[in-house]
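To get my numbering, take the position in the sequence shown, counting from 1, and add 121.
Note that the Cβ used here is the ideal one computed from N, Cα and C, for glycine as well.
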Amino acid sequence: MIIFLIMLAVVLAIVAKHIFFWRPLDTDHLYTNGPLLMGHRGSPKTRPENTSPSFYHAVESGLSAVEIDVMATRDGKIVCSHNHDLERETDGLGYVHEMGYDDLKGVNAGIKYPELSPTPIPLLEEVIDKLPEEIFLNIEIKSEKPFGLKTADLLVKLIRQKNLHHRVVVSSFHPFIIWRVKFLDKGIPTAYIWSNQLVPKILRKPWFINLVHPDMLNPEAHLVTENLVSYARRKGVRLNVWTVNNYPAMIWLLKQGVDGIISDYPNLMLKAANSIKGNQ
């Protein structure tokens with residue numbers, strides 16, 4: 122009986138430590154110059170989203186960070202794409218995760234910009250290699266199912282190969298993906314994404330966040346409250362808000378004390394951040 126009680130006490134202590142005493146990774150180096158301003162899929166209002174020209178244009182606009190959606194092809198290549206189907210943003214047909222990368226090479230991801238040359242779906246590795254090393258990458262894993270961990274495994278391998286721990290965060294709506302990344306490499310920063318439609322309210326409660334152990338929270342803009350900002354401060358979790366596309370909302374959020382903003386409009390974000398900085 123005594124042995125059982127000792128074992129029970131040890132288990133409860135481990136559980137309590139896991140839930141109540143975890144601390145996020147230190148990502149202060151990303152915020153030394155103020156709020157982290159991230160181009161949502163690059164600069165999608167001027168270039169085809171999630172393509173190399175879009176990411177480059179965001180950086181050329183003055184941003185130090187971009188948000189990139191990724192998923193794995195059938196043959197294990199990580200490509201930049203928000204949609205699993207090709208029909209919405211390209212001239213292709215079918216699903217990205219059901220196709221090999223060679224099948225995607227001829228697909229034009231720039232059909233909404235007919236004035237531009239055909240724009241291919243890029244490999245994430247190629248984007249990383251071509252962007253300046255000081256650019257931070259918020260890499261969101263898009264999975265066709267909640268337990269689809271293939272992309273997470275491939276991405277962790279790529280981050281390790283290129284030693285990118287200091288300049289990436291892996292983000293997802295799915296807790297299982299965040300857990301998988303942390304299981305494979307605790308040194309990779311993660312972000313838990315929230316929205317009303319994709320994340321049930323119960324999974325946005327503080328007790329559940331304590332189970333997920335993200336290093337950042339990325340809520341949809343209308344979910345930001347004083348209580349959420351206060352919670353993030355107490356836990357040391359950075360708060361990056363998406364997708365903020367109007368100037369008054371940017372100003373309000375920055376005044377509330379959020380750490381980062383994700384937007385389709387790089388120049389508008391820079392204007393808002395400079396306005397707040399000028400008034401301090």
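- According to the DSSP assignment, residue 189 belongs to no alpha helix (DSSP H) but to the beta strand (DSSP E) extending over 186-193.
- Annotated as proximal: residue 259 and residue 186, with beta-carbon spacing under 8 Å.
- Residue 159: member of the beta strand (DSSP E) spanning 157-161, first to last residue.
- When the five nearest sequence neighbours on each side are left out, the beta carbons in the same chain lying within less than 7 Å of the beta carbon of residue 302 are those of 273, 277, 291, 309, 311, in order along the chain.
- Linking residue 357 to residue 143 through their CA atoms gives a straight-line distance of about 10 Å.
- At a Cβ-Cβ threshold of 8 Å, residue 366 and residue 384 count as neighbours.
- Inter-segment contact for the stretch 378-393 and the stretch 149-163 is present: three or more beta-carbon pairs are separated by less than 8 Å.
- For residue 312, there is no enclosing alpha helix (DSSP H); the residue is part of the beta strand (DSSP E) that begins and ends at 311-315.
- Taking the Cα positions, residue 300 is about 16 Å away from residue 286.
- No Cβ-Cβ contact shorter than 8 Å links residue 189 with residue 204.
- Taking all protein chains shown into account, residue 295 has 16 or more neighbouring C-beta atoms within 10 Å of its C-beta and is therefore buried.
- The shortest C-alpha to C-alpha distance from residue 252 to any of 359, 180, 363, 371 is the one to 180.
- By the Cβ-count criterion, residue 359 is buried, with 16 or more other Cβ atoms from all chains shown falling within 10 Å of its own Cβ.
- From the listed residues 389, 267, 146, the smallest Cα separation to residue 371 is found for 389.
- When the beta-carbon positions are compared, residue 240 and residue 174 come within less than 8 Å of each other.
- Residue 298 and residue 339 do not touch by the CB rule: their CB atoms are close to 13 Å apart, not below 8 Å.
- Judged by DSSP secondary structure, residue 395 falls outside any beta strand (DSSP E) and instead within the alpha helix (DSSP H) spanning 387-399.
- Residue environment: residue 176 is assigned as buried (16 or more neighbouring CB atoms within 10 Å of its CB, all protein chains considered).
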